[in-house]
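J.:
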Amino acid sequence: DATGKLKKELTNDGLHLSGQAYLLWKHLVYPFVYDTETKPALIPLPQNVTWQSGYFPLHAATAIVVKNSTLKGEAERLQKALQQKGLQIEVTGNAKSTEPFIELVLGKVSAPQLEDDAYNLQVNPQKITVTANTSKGIFYGIQTLLQLARNGVMMDAVTITDWPAFNWRGYMVDVGRNYQSMQLLKEQIDAMAQYKLNIFHFHPTEDIAWRLQSKKYGQLTDAQHMLRNKGAYYSEAEMKELIQYCKDRYITLIPEIDMPGHSEAFTRAMGFGMQSDSGLIVVKEILKEFMDTYDLPYIHIGGDEVKITNKDFLPEVSKLVHSKGWQTIGWEPGGNLLPQTVRQLWMRDGAVDSNLRYIDSRHLYINHMDPLESVTTIYHRQLGDRTKEDKNVLGAILCLWHDRNVQDERDLLRMNPVYPSMLAFAERSWRGGGYRGWIANGSQVTNSDFHLFENRLLEHQQQYFKTKPFPYTKQADISWKLYGPYNNKGNVAATFAPETKSFDTAKTKAALQATGGTVILRHWFNPLVKGVVNNAKDSTTWYATTRIWSNEDKVHHFWIGFNNISRSPATDSPKEGTWDNRGSKIWVNGKEIAPPQWKRAAQKGQSEIPLIDEGYEYRAPTKVELKKGWNTVLVKAPVASLKGKDWHNPVKWMFTFVPVDTVADDN
Numbered sequence: 015d016a017t018g019k020l021k022k023e024l025t026n027d028g029l030h031l032s033g034q035a036y037l038l039w040k041h042l043v044y045p046f047v048y049d050t051e052t053k054p055a056l057i058p059l060p061q062n063v064t065w066q067s068g069y070f071p072l073h074a075a076t077a078i079v080v081k082n083s084t085l086k087g088e089a090e091r092l093q094k095a096l097q098q099k100g101l102q103i104e105v106t107g108n109a110k111s112t113e114p115f116i117e118l119v120l121g122k123v124s125a126p127q128l129e130d131d132a133y134n135l136q137v138n139p140q141k142i143t144v145t146a147n148t149s150k151g152i153f154y155g156i157q158t159l160l161q162l163a164r165n166g167v168m169m170d171a172v173t174i175t176d177w178p179a180f181n182w183r184g185y186m187v188d189v190g191r192n193y194q195s196m197q198l199l200k201e202q203i204d205a206m207a208q209y210k211l212n213i214f215h216f217h218p219t220e221d222i223a224w225r226l227q228s229k230k231y232g233q234l235t236d237a238q239h240m241l242r243n244k245g246a247y248y249s250e251a252e253m254k255e256l257i258q259y260c261k262d263r264y265i266t267l268i269p270e271i272d273m274p275g276h277s278e279a280f281t282r283a284m285g286f287g288m289q290s291d292s293g294l295i296v297v298k299e300i301l302k303e304f305m306d307t308y309d310l311p312y313i314h315i316g317g318d319e320v321k322i323t324n325k326d327f328l329p330e331v332s333k334l335v336h337s338k339g340w341q342t343i344g345w346e347p348g349g350n351l352l353p354q355t356v357r358q359l360w361m362r363d364g365a366v367d368s369n370l371r372y373i374d375s376r377h378l379y380i381n382h383m384d385p386l387e388s389v390t391t392i393y394h395r396q397l398g399d400r401t402k403e404d405k406n407v408l409g410a411i412l413c414l415w416h417d418r419n420v421q422d423e424r425d426l427l428r429m430n431p432v433y434p435s436m437l438a439f440a441e442r443s444w445r446g447g448g449y450r451g452w453i454a455n456g457s458q459v460t461n462s463d464f465h466l467f468e469n470r471l472l473e474h475q476q477q478y479f480k481t482k483p484f485p486y487t488k489q490a491d492i493s494w495k496l497y498g499p500y501n502n503k504g505n506v507a508a509t510f511a512p513e514t515k516s517f518d519t520a521k522t523k524a525a526l527q528a529t530g531g532t533v534i535l536r537h538w539f540n541p542l543v544k545g546v547v548n549n550a551k552d553s554t555t556w557y558a559t560t561r562i563w564s565n566e567d568k569v570h571h572f573w574i575g576f577n578n579i580s581r582s583p584a585t586d587s588p589k590e591g592t593w594d595n596r597g598s599k600i601w602v603n604g605k606e607i608a609p610p611q612w613k614r615a616a617q618k619g620q621s622e623i624p625l626i627d628e629g630y631e632y633r634a635p636t637k638v639e640l641k642k643g644w645n646t647v648l649v650k651a652p653v654a655s656l657k658g659k660d661w662h663n664p665v666k667w668m669f670t671f672v673p674v675d676t677v678a679d680d681n
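Just so you know, we're using the working numbering here: the sequence shown kicks off at 15 and counts up by one.
1) What runs of the alpha helix (DSSP H), each 4 residues or longer, lie entirely inside the stretch 315-346?
2) Output the distance between the C-alpha atoms of Glu-622 and Arg-418, rounded to the nearest integer angstrom.
3) May I ask you to list the residues that DSSP assigns as paired with Thr-592?
4) Report the rounded CA-to-CA distance for Glu-468 versus Gln-208, giving the unit in angstroms.
5) Ordered along the chain, which non-local residues of its own chain (more than five positions away) have a Cβ less than 6 Å from that of Glu-104?
6) Alpha carbon to alpha carbon, how far is Gly-658 from Pro-652?
7) Just reading off the alpha helix (DSSP H) that Gly-151 is part of, what are its end residues?
8) Unbroken alpha helix (DSSP H) runs of length 4 or more, entirely within the stretch 69-120: which are they?
9) Helix or strand or just coil, what does DSSP make of Lys-523?
10) By DSSP's criteria, Trp-224 is part of a beta bridge. Which residues make up the other side?
11) Does the Cβ-Cβ distance between Leu-412 and Met-436 come in under 8 Å?
12) Evaluate the contact criterion for the stretch 642-651 versus the stretch 545-557: three or more CB pairs, one atom per stretch, below 8 Å.
13) Given a threshold of 16 other Cβ atoms within 10 Å of its Cβ, counted over all protein chains shown, does Glu-113 qualify as buried or as exposed?
14) Helix, strand or coil: which one does DSSP assign to Tyr-48?
15) Can you give me the Cβ contacts of Thr-529 inside the same chain, cut-off strictly under 6 Å, excluding the 5 residues immediately before and after it?
16) What residue from Leu-466, Gly-619, Leu-496 and Leu-426 has the CA that sits closest to Phe-669's CA?
17) Can you tell me where the alpha helix (DSSP H) with Lys-254 in it begins and where it stops?
18) For Asn-681, which residues of its own chain have a beta-carbon under 8 Å away from its beta-carbon, when the five flanking residues on both sides are left out?
19) Buried or exposed: which applies to Pro-353, given that a residue is buried once 16 or more other Cβ atoms fall within 10 Å of its Cβ?
20) Round the Cβ separation of Leu-640 and Ser-564 to the nearest angstrom and send it over; I've been treating them as touching at under 8 Å.
21) Cβ of Gly-504 within 8 Å of Cβ of Trp-667?
22) Count the other CB atoms, across all protein chains shown, that sit within 10 Å of the CB of Ala-179; report buried if there are 16 or more and exposed otherwise.
23) Looking only at C-alpha atoms, which of Gly-190, Phe-439, Lys-515 and Gln-136 sits nearest to Ser-277?
24) Can you round the beta-carbon distance between Met-288 and Met-305 to whole angstroms, since I take them to be within the 8 Å contact cut?
25) Taking the C-alpha atoms as reference points, what is the distance between Thr-148 and Gly-446?
26) What is the DSSP secondary structure of Met-383, counted as helix, strand or coil?
27) Straight-line CA distance for Ile-300 to Lys-229?
28) Contact check, Arg-183 vs Gly-409 under 8 Å by CB: the rounded distance?
29) Would you mind reading off the limits of the beta strand (DSSP E) that contains Lys-298?
30) Buried or exposed for Gly-597, going by 16 or more other Cβ atoms inside 10 Å?
31) Going by CA-CA distance only, name the one from Ala-171, Lys-480 and Trp-39 that's closest to Gly-68.
32) Leaving out five residues on either side along the sequence, give the residues of the same chain with a beta carbon under 7 Å from the beta carbon of Arg-164.
33) CB-CB under 7 Å to Pro-635, same chain, minus the five flanking residues each way: which ones, in chain order?
34) In this structure, how does DSSP classify Thr-585 when only helix, strand and coil are distinguished?
35) Count the other CB atoms within 10 Å of the CB of Ala-678; is the residue buried (16 or more) or exposed (fewer)?
36) Measuring straight from C-alpha to C-alpha, what distance separates Gln-194 and Glu-250?
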């Protein structure tokens with residue numbers, strides 16, 4: 015108490031698991047027991063957070079108070095979430111003045127933009143108040159409240175005022191190539207809602223299969239016309255269920271019927287192409303049926319990667335959609351879209367047309383990204399080259415395009431960094447900011463607070479994704495010294511000074527510095543995406559070194575890789591006895607670490623042959639024996655040619671080395 019003596023209300027209470035003293039102690043030691051930040055990790059980080067003194071006793075709360083009937087649904091949502099933490103709280107119109115309670119209020123919350131999404135959250139020892147201009151804002155406030163309630167016992171006093179930087183914060187799945195069950199889709203939508211994403215881009219039609227039921231043209235979903243997951247499609251009832259599931263979480267489902275490209279499944283089923291006279295008639299009928307069946311504001315008409323032979327196709331389709339009161343979205347670059355169609359950027363860099371509206375998806379294709387690279391890149395990315403939305407750039411959509419077949423649908427989450435990327439994207443799309451250009455390595459920017467975000471990300475991994483694939487591990491504290499370039503004259507086996515015992519890193523100045531578990535020397539999207547090495551050349555060898563600490567002599571686990579195979583092209587598997595097809599090697603304390611025994615060594619890439627162990631994130635970690643104290647790591651990264659043998663086998667000059675269960679040197 016104020017005199018320094020034990021508070022009377024906490025006396026003789028320490029042994030009771032429901033007693034105030036025990037519960038306060040549990041709250042105070044929670045960060046130390048679970049190795050978390052002192053204050054709860056919030057993702058996305060709110061715009062304004064002011065921590066106060068004191069705690070709200072969540073365990074003693076008896077009521078969720080709502081006086082406006084429109085908020086009853088949100089109150090019951092919160093009630094259900096707290097029940098999962100073991101708390102039984104009543105939804106009511108009034109609270110007892112003597113008991114702590116939670117209140118949801120519609121009121122005025124000022125924000126510089128997007129006030130419909132804004133909220134204010136006040137936590138003090140007597141009550142929690144969530145105030146917003148709309149029920150959607152209340153929903154977002156509840157998501158933050160639940161993160162504050164991480165231990166289910168007490169909540170730190172805090173004042174938060176929050177709003178998003180961008181109105182379009184989306185996530186896209188390609189279910190045309192690889193069908194996903196309703197259960198898996200809902201799992202991802204739940205994660206979207208938890209992190210305040212609000213656009214679900216749904217891509218059910220492709221060359222491989224048409225997975226959207228049409229009662230008028232039932233042949234579209236006949237198994238005989240599908241090349242993969244034959245017979246799997248989404249019925250009218252399932253689509254309505256999915257749309258409503260999104261709406262209940264303030265998410266807008268945007269269906270994409272890709273046209274006139276990516277439509278071979280349509281051609282097989284109908285016997286003619288979309289751009290033919292008959293094809294255009296059928297497409298219009300499909301669209302009419304779709305718009306008469308579902309209640310949505312947008313339809314994505316694609317328009318990408320196709321030669322336009324019928325210049326009237328996309329304009330006529332667009333005019334039909336607009337005449338029904340719907341809006342259109344199309345890919346850019348793409349076909350001859352109408353000016354009022356929103357463009358979704360997928361590869362073109364540079365200035366946008368000031369007369370058009372855009373959604374950014376450039377370098378947001380997580381199927382192309384190494385997991386550690388993805389979080390680094392997305393966290394630093396300035397979406398649409400804007401720090402916040404304006405009349406031209408509405409926001410962005412994170413995309414999952416897993417072209418290659420999979421053995422199991424959950425491989426889509428194991429082989430692609432879906433959840434780590436989603437959280438990094440949620441942070442950036444809600445908070446805004448970021449850096450111009452595409453940052454593949456954290457050391458390419460100054461004053462980055464990435465390490466702070468990573469700490470929050472890892473806490474969320476521990477709190478909310480223990481039973482879900484989450485391919486990420488701590489990497490921000492790994493520092494590399496790079497030595498080179500050495501001219502190997504096309505011989506990747508050639509050895510140079512860093513491989514000799516006499517090479518002293520303490521006395522030899524490094525040519526470059528890099529940070530992170532994955533280091534991109536030269537990206538396959540160079541020069542659009544810059545790697546650590548500027549003006550990289552053929553016939554070059556680089557070396558990288560770092561130190562890893564171990565508390566004892568012990569075998570530890572590491573993610574090691576040199577060729578992150580994109581899940582889109584049909585890339586070949588590494589040859590037996592190699593890490594990759596470039597001659598890369600790695601030593602720890604002078605002992606060379608053997609590459610994996612590949613299950614499909616030298617397998618020629620084929621889209622229907624699923625990946626199985628080619629990526630470190632979905633194979634067993636490499637076991638490495640470490641000694642007590644500091645351990646020296648040396649990576650050799652040679653290249654003969656920076657030009658891949660074909661487009662399926664691009665050269666992404668890189669390496670990954672990161673401990674899964676050890677502490678990295680931060681020097």
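By construction, the Cβ of each residue, glycine as well, lies at the ideal position given by its N, Cα and C atoms.
T.: In this structure, then:
1) 327-337
2) 6 Å
3) Answer is none; Thr-592 lacks a bridge partner.
4) 18 Å
5) Ala-77
6) Taking C-alpha positions only, Gly-658 is separated from Pro-652 by approximately 14 Å.
7) 149-162
8) 86-97, all fully within the stretch 69-120.
9) coil
10) Thr-219, per the DSSP bridge assignment.
11) yes
12) yes
13) exposed
14) DSSP places Tyr-48 in coil when its eight states are reduced to three.
15) Gly-456, Ser-457 and Ser-493
16) For the options Leu-466, Gly-619, Leu-496 and Leu-426, the alpha carbon positioned closest to that of Phe-669 is the one of Leu-496.
17) 250-261
18) Reliability fails at Asn-681, whose pLDDT of 36 lies under 50, so the model's placement of it is uncertain and the value that follows must be treated cautiously. Same-chain partners within the cutoff: Ser-493 and Arg-561.
19) exposed
20) Sure, about 4 Å apart at Cβ, within 8 Å.
21) no
22) buried
23) Gly-190
24) Contact flag wrong, Cβ pair sits at about 18 Å.
25) 22 Å
26) coil
27) 9 Å
28) Yes, they are in contact, since the Cβ atoms of Arg-183 and Gly-409 sit about 6 Å apart, within 8 Å.
29) Lys-298 -> not in any beta strand (DSSP E); alpha helix (DSSP H) instead, spanning 291-307.
30) Buried is the label assigned to Gly-597, since at least 16 other Cβ atoms lie within 10 Å of its Cβ.
31) Ala-171
32) Pro-54 and Gln-477
33) His-571, Phe-572, Trp-573 and Val-674
34) coil
35) The predicted model places Ala-678 with a pLDDT of 48, which falls under 50 and marks its position as unreliable; any figure quoted below should be read in that light. Under this definition Ala-678 is a buried residue.
36) A direct Cα-Cα distance of roughly 16 Å separates Gln-194 from Glu-250.
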